[in-house]
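There are 2 protein chains.
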Amino acid sequence: MKAGPDIAMIAALVGDPARANMLTALLGGRALTASELAHQAGITPQTASSHLSKLEVGGLIEQEKQGRHRYYRLSDPDVAGVLEGLAGLAARAGHMRLRTGPKDPALRRARICYDHLAGDLGVQMLDSLRKQRLLRQTRQTIELTAEGERFMAKALQIDSAALAHPRRPLCKACLDWSERRHHLAGTLGAAIMARFTELNWAARDAAPGSRVVNFTRSGEKRFAALFGESSD
Amino acid sequence: MKAGPDIAMIAALVGDPARANMLTALLGGRALTASELAHQAGITPQTASSHLSKLEVGGLIEQEKQGRHRYYRLSDPDVAGVLEGLAGLAARAGHMRLRTGPKDPALRRARICYDHLAGDLGVQMLDSLRKQRLLRQTRQTIELTAEGERFMAKALQIDSAALAHPRRPLCKACLDWSERRHHLAGTLGAAIMARFTELNWAARDAAPGSRVVNFTRSGEKRFAALFGESSD
DNA sequence: TCGATGCTTCGTCTAACATCGAACTATGAA
DNA sequence: TTCATAGTTCGATGTTAGACGAAGCATCGA
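Chains as they are written, first to last, in the numbering used here: chain G, 48 to 279; chain L, 48 to 279.
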């Protein structure tokens with residue numbers, strides 16, 4: 048009677064709080080060790096080991112052995128997309144995690160969403176790019192304008208033509224759970240975030256599993272000069 | 048420490064097989080009664096009632112009272128999108144439901160994906176539209192060409208300009224779990240499917256919860272004339 | 001070779017939750 | 001009113017799977 052993919056199996060994998068915590072940590076885009084993930088999820092290593100093997104046979108994560116460490120990462124950007132989608136549904140329904148800590152405001156201001164910038168600043172950047180007509184957005188489908196290509200090359204030394212990828216779009220709208228609006232994903236979004244890091248405008252929070260992005264003082268100024276309210 | 052949306056809660060809702068069955072049935076886009084959903088999931092009405100209330104407080108489905116019936120539907124196209132995403136992940140990992148029935152081949156050939164055409168024919172249509180240069184697809188972002196607009200108006204009497212929607216894109220690539228390739232979603236995909244039905248080219252299978260789409264003999268011919276292999 | 005560290009496997013315990021029978025409410029038909 | 005149908009609530013039951021302690025491999029450094 049019932050045919051088709053077993054979505055319950057995959058959803059059940061994500062449905063356990065401990066596993067969801069680990070997956071959320073991996074949404075940071077970094078590969079993390081089993082111990083780090085156990086710590087993130089607040090469980091013992093042996094419990095984490097069990098969870099990780101389940102996630103792996105489920106195809107959600109991949110493993111890479113390196114010495115006596117085992118590094119885990121999300122197996123695919125598609126996985127990240129589904130996780131963000133779930134986060135969007137949860138945020139809309141108002142089901143937020145209860146214990147929001149001191150990092151929460153920082154997380155809302157700027158954070159990594161897999162490999163690109165999210166949070167208040169991420170949304171602000173996409174808004175600004177649109178208002179400056181550097182991007183053309185026709186509801187979820189986004190294109191870089193000719194002017195936008197020049198801007199990327201000049202202001203950020205990003206060769207957008209070189210960012211073509213067989214599986215990922217150049218620009219993509221990604222729903223932001225904290226702002227409930229879109230920010231910029233895709234290879235361009237990732238390249239911009241990488242450039243911010245290279246230029247020392249911003250850095251990932253040191254704590255493993257943290258998705259907070261801290262802007263330096265000068266980085267914040269330069270960001271504002273390019274994407275600030277004034278240029279809206 | 049951990050902030051953000053509670054994705055585990057939402058995923059756990061989908062993670063129960065009975066609830067996943069109901070949600071999959073609702074992916075058909077029709078509103079179904081509690082009894083029908085119970086039957087679909089193979090559980091008793093009282094169990095279904097419990098599940099349905101959980102899905103409702105979780106924001107995944109909505110309820111509409113009509114006499115002594117209660118009709119349930121997915122609360123949002125976004126929910127459908129996440130469910131399809133989960134199906135994609137499950138299909139890729141090879142986790143298919145075991146008991147595949149006689150309907151399975153029909154389901155793979157043509158089925159409803161929320162409100163648009165999926166399966167072999169759905170993928171074939173998107174391929175053909177692309178090869179005829181009626182759509183321009185730059186990886187996941189799809190646009191209708193000027194020629195495509197004329198085609199829609201002439202061949203299917205669809206005014207694509209009238210399909211603009213504040214929340215949904217006109218064209219969207221949706222991953223097809225049976226073909227593991229994309230088919231056409233978005234308001235245009237929905238409008239085309241609706242037109243197929245109006246023209247009696249195809250009809251939804253009568254059984255409640257079924258997602259099978261049956262093409263009529265003449266409908267199949269006309270579909271092939273527009274999107275068939277020959278026109279590739 | 002030895003110990004320390006990272007991770008896994010095994011066994012057991014426990015708590016959560018899906019399930020159903022029975023009883024109750026609400027709507028519609030006669 | 002009375003009966004039938006649709007659906008819910010309650011309580012009892014049973015299974016599942018998540019948790020950790022203890023022990024076992026594997027890898028690194030000395």
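Ideal Cβ placement from N, Cα and C applies to all residues, glycine included.
Under 8 angstroms from the C-beta of residue i: neighbouring residues of chain L
| i | result |
| --- | --- |
| residue 260 of chain G | The premise fails here: residue 260 of chain G is roughly 14 angstroms from chain L at the closest Cβ pair, so nothing lies under 8 angstroms. |
Through-space distance from residue j to residue i, alpha-carbon basis
| i | j | result |
| --- | --- | --- |
| residue 235 of chain L | residue 122 of chain L | 20 angstroms |
| residue 129 of chain G | residue 73 of chain G | 13 angstroms |
| residue 268 of chain L | residue 131 of chain G | 41 angstroms |
| residue 63 of chain G | residue 60 of chain L | 10 angstroms |
| residue 139 of chain L | residue 112 of chain G | 23 angstroms |
| residue 90 of chain G | residue 154 of chain G | 23 angstroms |
| residue 174 of chain L | residue 92 of chain G | 48 angstroms |
| residue 177 of chain L | residue 274 of chain L | 10 angstroms |
| residue 57 of chain L | residue 67 of chain G | 11 angstroms |
| residue 146 of chain G | residue 94 of chain L | Note that residue 146 of chain G has pLDDT 45, beneath the 50 cutoff, so the model's placement of it is unreliable and the number below is only indicative. The straight-line gap from Cα to Cα measures roughly 32 angstroms. |
| residue 207 of chain G | residue 199 of chain G | 7 angstroms |
| residue 194 of chain G | residue 205 of chain G | 13 angstroms |
| residue 279 of chain G | residue 179 of chain G | Because the pLDDT of residue 279 of chain G is 40, which lies under 50, any placement of that residue in the model is unreliable, and the question is left without a value. |
| residue 148 of chain G | residue 163 of chain G | Here the model assigns residue 148 of chain G a pLDDT of 44, short of 50, so the residue's position is not dependable and the matter cannot be decided. |
| residue 157 of chain G | residue 264 of chain G | 14 angstroms |
| residue 84 of chain G | residue 191 of chain G | 37 angstroms |
| residue 187 of chain G | residue 126 of chain L | Low local confidence applies: a pLDDT of 48 at residue 187 of chain G is under 50, so the model's placement there is unreliable, with the coordinate-based value given in what follows. Cα-Cα distance, rounded: 16 angstroms. |
| residue 116 of chain L | residue 262 of chain G | 55 angstroms |
| residue 249 of chain G | residue 242 of chain G | 9 angstroms |
| residue 271 of chain G | residue 201 of chain G | 16 angstroms |
| residue 168 of chain G | residue 257 of chain L | 45 angstroms |
| residue 101 of chain G | residue 211 of chain G | 34 angstroms |
| residue 103 of chain G | residue 110 of chain G | 8 angstroms |
| residue 165 of chain G | residue 182 of chain L | 31 angstroms |
| residue 133 of chain L | residue 75 of chain G | 20 angstroms |
| residue 184 of chain G | residue 71 of chain G | 28 angstroms |
| residue 244 of chain L | residue 69 of chain L | 24 angstroms |
| residue 97 of chain G | residue 65 of chain G | 11 angstroms |
| residue 108 of chain L | residue 114 of chain L | 19 angstroms |
| residue 197 of chain L | residue 118 of chain L | 39 angstroms |
| residue 237 of chain G | residue 120 of chain L | 37 angstroms |
Reduced DSSP category for residue i - H, G, I as helix; E, B as strand; rest coil
| i | result |
| --- | --- |
| residue 116 of chain G | strand |
| residue 211 of chain L | coil |
| residue 231 of chain G | strand |
| residue 223 of chain L | strand |
| residue 110 of chain G | strand |
| residue 80 of chain G | strand |
| residue 64 of chain L | helix |
| residue 124 of chain G | helix |
| residue 87 of chain G | helix |
| residue 258 of chain G | coil |
| residue 249 of chain G | strand |
| residue 93 of chain G | helix |
| residue 159 of chain G | strand |
| residue 204 of chain G | coil |
| residue 138 of chain G | helix |
| residue 146 of chain G | The predicted model places residue 146 of chain G with a pLDDT of 45, which falls under 50 and marks its position as unreliable; any figure quoted below should be read in that light. It is coil, neither helix nor strand. |
| residue 179 of chain L | coil |
| residue 73 of chain G | helix |
| residue 154 of chain G | helix |
| residue 164 of chain L | strand |
| residue 191 of chain G | strand |
| residue 54 of chain G | helix |
| residue 186 of chain G | Legend: pLDDT at residue 186 of chain G = 48, less than 50; position of this residue unreliable, no value from coordinates given. |
| residue 130 of chain G | helix |
Residue i: contacting residues in chain G (beta-carbon distance under 7 angstroms)
| i | result |
| --- | --- |
| residue 76 of chain L | None at all; the shortest Cβ gap to chain G is about 15 angstroms. |
| residue 64 of chain L | 55 |
| residue 128 of chain L | 132 |
Neighbouring residues, chain L, relative to residue i (Cβ below 7 angstroms)
| i | result |
| --- | --- |
| residue 170 of chain G | What residue 170 of chain G touches in chain L: nothing, since even the nearest Cβ is about 15 angstroms away. |
| residue 106 of chain G | 136, 139, 140 |
Rounded Cβ spacing between residue i and residue j (contact assumed at less than 8 angstroms)
| i | j | result |
| --- | --- | --- |
| residue 137 of chain G | residue 52 of chain L | 4 angstroms |
| residue 99 of chain L | residue 78 of chain L | Not quite, the Cβ-Cβ distance comes to about 12 angstroms (not below 8 angstroms), so this is no contact. |
| residue 213 of chain L | residue 233 of chain L | With 8 angstroms as the limit, residue 213 of chain L and residue 233 of chain L do not qualify as a contact, their Cβ atoms being about 13 angstroms apart. |
| residue 160 of chain L | residue 230 of chain L | 7 angstroms |
| residue 189 of chain G | residue 218 of chain G | 4 angstroms |
Interface partners of residue i on chain L, CB under 9 angstroms
| i | result |
| --- | --- |
| residue 125 of chain G | 132, 135, 136, 139, 222 |
9 angstroms Cβ cut-off: residues of chain G touching residue i
| i | result |
| --- | --- |
| residue 67 of chain L | 53, 54, 55, 56, 58, 59 |
| residue 195 of chain L | The contacting residues do not exist; residue 195 of chain L stays about 14 angstroms from chain G at best. |
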